[in-house]
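*Asks:* Below is a structure I'd like to ask you about.
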Amino acid sequence: MNPDFPLWLRASHLINFVLIGMLLRSGWEILSSLPRLWWRKDCAPGTEWLRFTRRQLPKEEGVYTSLMDEKSLSPLIGLPGRENVGLGRHWHGLSVMLWVLNGIIYVGLLFGTGLWRRIVPTSWDVVPEAWESLKMYVSFQTPSIEHYQPYDALQMLGYTFVIFVLAPFMMLTGVAMAPAIRSRYPWYVKFWGGHQGARSLHFIGMVLMAGFVVMHVGLVFLVHREYNLVHMVFGDVDTARYAQAFVIIVSTIVAVVLFWIALSYLTLADRVRAHKFLVPTTEIGRRIFLNWMRPRSAEQTTYTDEDISEFHWTNGLPPTEEESPEWIAARDNDWAGYTIAVGDGLTGTSRELTLDEIRELPQVSYIATHTCMQGWSATSRWTGVRLVDLLPERPEGANYVLVESYGLAQKMYDNRPREPFYAAYDLETVYEADTILAYERNGRPVDIHLGGPARMRVESNHGYKHVKWVRSIRWIADYAEYGDGRGGTREDSALQAFNGRI
Ligand SMILES: Nc1nc2c(c(=O)[nH]1)N[C@H]1C(S)=C(S)[C@@H](COP(=O)(O)O)O[C@H]1N2
Ligand SMILES: [Mo]
0 MNPDFPLWLR
10 ASHLINFVLI
20 GMLLRSGWEI
30 LSSLPRLWWR
40 KDCAPGTEWL
50 RFTRRQLPKE
60 EGVYTSLMDE
70 KSLSPLIGLP
80 GRENVGLGRH
90 WHGLSVMLWV
100 LNGIIYVGLL
110 FGTGLWRRIV
120 PTSWDVVPEA
130 WESLKMYVSF
140 QTPSIEHYQP
150 YDALQMLGYT
160 FVIFVLAPFM
170 MLTGVAMAPA
180 IRSRYPWYVK
190 FWGGHQGARS
200 LHFIGMVLMA
210 GFVVMHVGLV
220 FLVHREYNLV
230 HMVFGDVDTA
240 RYAQAFVIIV
250 STIVAVVLFW
260 IALSYLTLAD
270 RVRAHKFLVP
280 TTEIGRRIFL
290 NWMRPRSAEQ
300 TTYTDEDISE
310 FHWTNGLPPT
320 EEESPEWIAA
330 RDNDWAGYTI
340 AVGDGLTGTS
350 RELTLDEIRE
360 LPQVSYIATH
370 TCMQGWSATS
380 RWTGVRLVDL
390 LPERPEGANY
400 VLVESYGLAQ
410 KMYDNRPREP
420 FYAAYDLETV
430 YEADTILAYE
440 RNGRPVDIHL
450 GGPARMRVES
460 NHGYKHVKWV
470 RSIRWIADYA
480 EYGDGRGGTR
490 EDSALQAFNG
500 RI
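This is the structure we're talking about:
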């Protein structure tokens with residue numbers, strides 16, 4: 000077998016190193032926005048199997064928002080760090096798109112050139128041989144150089160596992176957390192143990208991947224380094240060039256680490272610019288893989304009443320007297336006088352609908368899982384009316400629907416006075432079967448803290464598109480004139496993507 004490392008192999012190896020670092024760092028940013036992990040169908044406080052925060056949460060529902068549970072990571076650790084889960088998610092998306100692309104090219108060339116035979120074991124002899132190597136390593140010895148052709152048995156097993164098992168596992172558990180996939184193929188999410196199962200498994204895979212990277216880099220410098228380093232840089236095993244290879248590798252590692260950190264500070268230096276660059280770029284991936292999936296919760300049979308969660312987290316607290324006296328007055332009056340303005344924002348015509356009028360419209364009911372992009376989830380039965388059955392016919396020139404809340408945003412991007420929470424939906428989302436105004440949850444009126452008396456459900460998207468305490472629903476031409484112009488409160492304040500399908 001040819002022992003050389005062709006240029007494509009060395010190049011994809013380096014690109015992979017850069018991207019794995021970006022994936023880990025942006026993944027930690029996402030995890031730090033809700034530093035707890037569960038195996039359950041709900042995320043009740045105190046039932047985590049692992050947490051990275053000392054904060055004790057109240058057991059009571061609806062008094063504590065997930066935004067309050069965020070932890071700030073240093074930009075040296077997280078990408079970008081400092082409670083920027085929106086931008087962290089975009090970096091994760093961009094890195095994963097490039098990582099999968101690099102991986103496909105790498106694996107394609109591995110098979111195209113026959114070099115896969117150096118990595119993938121084709122005989123069971125590899126097991127006893129790997130065992131012998133392992134015994135040597137744990138007694139701080141190393142197998143002699145003839146065992147490396149160019150890899151020894153233990154390396155073959157390790158690399159085969161990482162490339163063909165762990166990497167696909169990360170992709171599969173990662174996409175299982177996307178609402179677009181969950182609302183279209185709920186069985187797929189259930190297969191991984193629900194949203195929390197997928198999330199916890201993704202975390203465990205991350206630990207294995209990070210552990211592999213550390214061991215792999217360490218061993219390269221410990222075991223027959225004069226061969227490895229020359230191999231990685233020059234492709235052959237001319238050990239005379241060892242010193243040169245050593246300098247090149249060490250400086251490359253330093254440069255990559257500085258690049259990782261620079262990405263964080265560059266992102267933080269102008270977060271709006273980062274959002275402008277990252278969202279359209281990652282939209283390419285959403286367009287290819289997710290935008291065509293239409294939710295169909297009413298037809299699914301995977302999730303049943305058995306799966307309904309006991310505990311439901313909250314993000315956003317109900318309006319207060321100062322924020323919305325009219326909502327408070329209606330609440331204290333059994334929702335008498337509560338109305339939602341539904342209409343055409345282009346001409347400014349609208350109709351005030353009472354709850355009773357809304358309940359008379361065609362009703363839909365289904366079981367679906369809510370996910371906040373921070374990571375928590377809860378499964379409920381939601382009942383309400385489809386947005387299309389509520390709205391007047393689409394006026395000429397209307398391209399979006401804007402939904403506004405009686406409640407205010409939790410915080411604004413520039414700390415200006417808080418404005419009403421809102422979200423805009425594109426036409427595809429508006430016409431989806433699972434875009435509804437819900438007035439019942441689990442057969443009872445929607446709880447106050449969960450958006451009562453009526454809140455949006457947009458099952459193909461994460462929670463930040465689901466406006467609670469709905470005040471108005473109207474057709475609009477463009478969302479650019481509302482808020483900061485990004486199409487929703489969490490897009491504006493937390494720099495999320497307009498498209499909340501992953
Ligand atoms: N009015 C209003 N609606 C809102 C929010 C908010 O802060 N205010 N938060 C959003 C976010 S980020 C999430 S995850 C969900 C949470 O819904 P829940 O509190 O019913 O669980 O509500 C969404 N709708
Ligand atoms: Mo959220």
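Using numbering that gives the first Met the number 0, you'd call the opening residue of the sequence shown number 0 and step up by one each time. All residues carry an ideal CB built from backbone N, CA and C; glycine is no exception. On a predicted model such as this, the values are computed, not experimentally measured, just so you know.
#1: Buried or exposed, going by whether 16 or more other CB atoms sit within 10 Å of the CB of Ala-423?
#2: With Leu-401 as the anchor, note down where its beta strand (DSSP E) starts and where it stops.
#3: Give the DSSP-derived three-state secondary structure of Asp-413 in the structure shown.
#4: Taking the alpha-carbon positions, what's the Phe-160 to Leu-360 distance?
#5: Return the first residue and the last residue of the alpha helix (DSSP H) that Asp-388 is part of.
#6: Consult DSSP for Gly-342 and reduce its assignment to one of helix, strand or coil.
#7: If we count the other Cβ atoms within 10 Å of its Cβ and call it buried at 16 or more, is Ile-180 buried or exposed?
#8: Take Gly-450 and list the residues in its own chain whose beta-carbon comes closer than 7 Å to its own, dropping the five residues that flank it on each side.
#9: In angstroms with no decimal places, state the Cα-to-Cα distance between Gln-299 and Arg-286.
#10: Buried or exposed for Ala-479, going by 16 or more other Cβ atoms inside 10 Å?
#11: In the DSSP assignment, find the unbroken beta strand (DSSP E) run with Glu-128 in it and report its ends.
#12: Check whether the region 326-343 and the region 376-385 touch, using three or more Cβ-Cβ pairs below 8 Å as the test.
#13: Below 8 Å on the Cβ atoms is my guess for Glu-418 versus Ser-459; work out the distance and round it to an integer in Å.
#14: Looking only at its own chain, which residues have a Cβ that is under 7 Å from the Cβ of Leu-6, when we skip the five neighbours before and after it?
#15: Tell me Ile-435's beta-bridge partners as DSSP assigns them.
#16: Which residues bound the beta strand (DSSP E) around Ile-475?
#17: Going by DSSP, which residues form a beta bridge with Tyr-421?
#18: Going by C-alpha to C-alpha distance, which of Ile-19, Gly-462 and Val-400 sits closest to Leu-169?
#19: Using the beta-carbon count (16 or more within 10 Å), is Thr-368 buried or exposed?
#20: Do Ser-94 and Leu-22 have their C-beta atoms within less than 8 Å of each other?
#21: Is it buried or exposed for Asp-343, if we count other Cβ within 10 angstroms and need 16 for buried?
#22: Which two residues bound the contiguous alpha helix (DSSP H) that contains Ser-11?
#23: Is Asn-15 near ligand 1 - that is, is its Cβ less than 7 Å away from at least one heavy atom of it?
#24: Tell me which same chain residues have a C-beta within less than 7 Å of the C-beta of Asn-314, skipping the five on either side of it?
#25: Can you name the residues that DSSP bridges to Thr-348?
#26: In terms of residues, what are the limits of the beta strand (DSSP E) holding Tyr-241?
#27: Can you tell me whether Leu-49 is helix, strand or coil according to DSSP?
#28: Are the CB atoms of Trp-259 and Arg-24 nearer to each other than 8 Å?
#29: Any idea what DSSP makes of Ser-73, helix, strand or coil?
#30: Given 8 Å as the limit, is there contact between the region 302-312 and the region 347-362, that is, 3 or more CB pairs closer than that?
#31: Please classify Phe-51 as buried or exposed, where buried requires at least 16 neighbouring CB atoms within 10 angstroms.
#32: Starting from the C-beta of Ala-496, find all residues in its chain whose C-beta is less than 6 Å away, skip the five residues before and the five after it, and write them out in chain order.
#33: Met-411: which of Gly-482, Leu-75, Ile-472 and Thr-346 sits nearest, CA to CA?
#34: Ends of the alpha helix (DSSP H) at Ser-199?
#35: According to DSSP, is Ala-479 part of a helix, a strand, or is it coil?
#36: Please check the pair Gln-195 and Arg-39, which I expect to be a contact at CB under 8 Å, by giving their CB distance rounded to whole angstroms.
*Replies:* Taking the coordinates as given:
#1: If you number the sequence shown from 1, residue 423 lands on position 424. Ala-423 should be labelled buried.
#2: Looking up residue 401 in the sequence shown gives position 402. Element bounds for Leu-401: 399-407.
#3: Here the question's residue 413 lines up with position 414 in the sequence shown. Reduced to three states, the DSSP call for Asp-413 is coil.
#4: Sequence index remark: in the sequence shown, residue 160 carries index 161 (1-based). Sequence index remark: in the sequence shown, residue 360 carries index 361 (1-based). Cα to Cα, Phe-160 sits roughly 55 Å from Leu-360.
#5: In the sequence shown, counting from the first residue as 1, residue 388 sits at position 389. Where Asp-388 is concerned, the enclosing alpha helix (DSSP H) stretches over 386-389.
#6: Counting from 1 along the sequence shown, the entry for residue 342 is found at position 343. Strand.
#7: As a position in the sequence shown, residue 180 is number 181, starting the count at 1. Ile-180 comes out buried.
#8: On the sequence shown, residue 450 is found 451 positions in, with the first residue counted as 1. Hits under 7 Å: Lys-467 and Trp-468.
#9: For the purposes of this step, residue 299 is taken as the residue at position 300 of the sequence shown. For the purposes of this step, residue 286 is taken as the residue at position 287 of the sequence shown. Their backbone Cα atoms lie some 24 Å apart in a straight line.
#10: One-based indexing of the sequence shown puts residue 479 at position 480. Exposed.
#11: Sequence index remark: in the sequence shown, residue 128 carries index 129 (1-based). Run containing Glu-128: none in the beta strand (DSSP E); it sits in the alpha helix (DSSP H), 125-137.
#12: no
#13: What you label residue 418 is simply residue 419 of the sequence shown in a count that begins at 1. What you label residue 459 is simply residue 460 of the sequence shown in a count that begins at 1. Wrong, their Cβ atoms sit about 26 Å apart, outside the cutoff.
#14: To locate residue 6, count along the sequence shown from 1; it is residue 7. Excluding residues within five positions, the ones whose Cβ falls inside 7 Å are Gly-234.
#15: The residue given as residue 435 occupies position 436 in the sequence shown. Bridge partners of Ile-435: Arg-385 and Arg-456.
#16: Counted from its first residue, the sequence shown places residue 475 at position 476. 469-475 is the span of the beta strand (DSSP E), which, as asked, contains Ile-475.
#17: As a first step, residue 421 is located in the sequence shown; it is residue number 422 there, counting from the start. Paired residues: Glu-403.
#18: What you label residue 169 is simply residue 170 of the sequence shown in a count that begins at 1. First, the residue type needs correcting, since residue 169 is Met and not Leu in the sequence shown. Comparing Cα-Cα distances from Met-169 to each of Ile-19, Gly-462 and Val-400, the minimum goes to Ile-19.
#19: Mapped onto the sequence shown, residue 368 falls at position 369. So Thr-368 counts as buried.
#20: Within the sequence shown, numbered from 1, the residue matching residue 94 stands at position 95. Within the sequence shown, numbered from 1, the residue matching residue 22 stands at position 23. Yes, they are a contact pair.
#21: Position 344 of the sequence shown, counted from the first residue, corresponds to residue 343. When all chains shown are included, Asp-343 counts as buried.
#22: The residue you call residue 11 lines up with position 12 of the sequence shown. Looking at the DSSP string, the run of the alpha helix (DSSP H) that includes Ser-11 is 6-31.
#23: Stepping through the sequence shown from its first residue, residue 15 is reached at position 16. No, since every heavy atom of ligand 1 falls outside the 7 Å radius drawn around the Cβ of Asn-15.
#24: Taking the first residue of the sequence shown as position 1, residue 314 is located at position 315. Thr-64, Ser-65, Leu-66, Cys-371 and Gly-462, listed in sequence order.
#25: Reading the sequence shown from its first residue, position 349 is the one you call residue 348. Its beta-bridge partners are Asp-343.
#26: Start at 1 with the first residue of the sequence shown, and residue 241 comes out as number 242. No beta strand (DSSP E) contains Tyr-241, which is instead part of the alpha helix (DSSP H) from 241-268.
#27: Numbered from its first residue, the sequence shown carries residue 49 at position 50. DSSP places Leu-49 in strand when its eight states are reduced to three.
#28: As a working mapping, residue 259 is identified with position 260 in the sequence shown. As a working mapping, residue 24 is identified with position 25 in the sequence shown. Yes, they are a contact pair.
#29: Along the sequence shown, read from residue 1 onward, the residue named residue 73 stands at position 74. Of the three classes helix, strand and coil, the one that applies to Ser-73 here is coil, per DSSP.
#30: no
#31: Locating residue 51 in the sequence shown gives position 52, counting from the first residue. So Phe-51 counts as exposed.
#32: Walking along the sequence shown from the start, residue 496 turns up at place 497. So the qualifying residues of the chain are Val-278.
#33: On the sequence shown, position 412 is the one that residue 411 refers to. The shortest Cα separation from Met-411 among Gly-482, Leu-75, Ile-472 and Thr-346 belongs to Gly-482.
#34: Stepping through the sequence shown from its first residue, residue 199 is reached at position 200. Segment 193-221, the alpha helix (DSSP H) holding Ser-199.
#35: Here the question's residue 479 lines up with position 480 in the sequence shown. Three-state result, Ala-479: helix.
#36: As a working mapping, residue 195 is identified with position 196 in the sequence shown. As a working mapping, residue 39 is identified with position 40 in the sequence shown. At roughly 6 Å, the Cβ-Cβ gap stays under 8 Å, so Gln-195 and Arg-39 are in contact.
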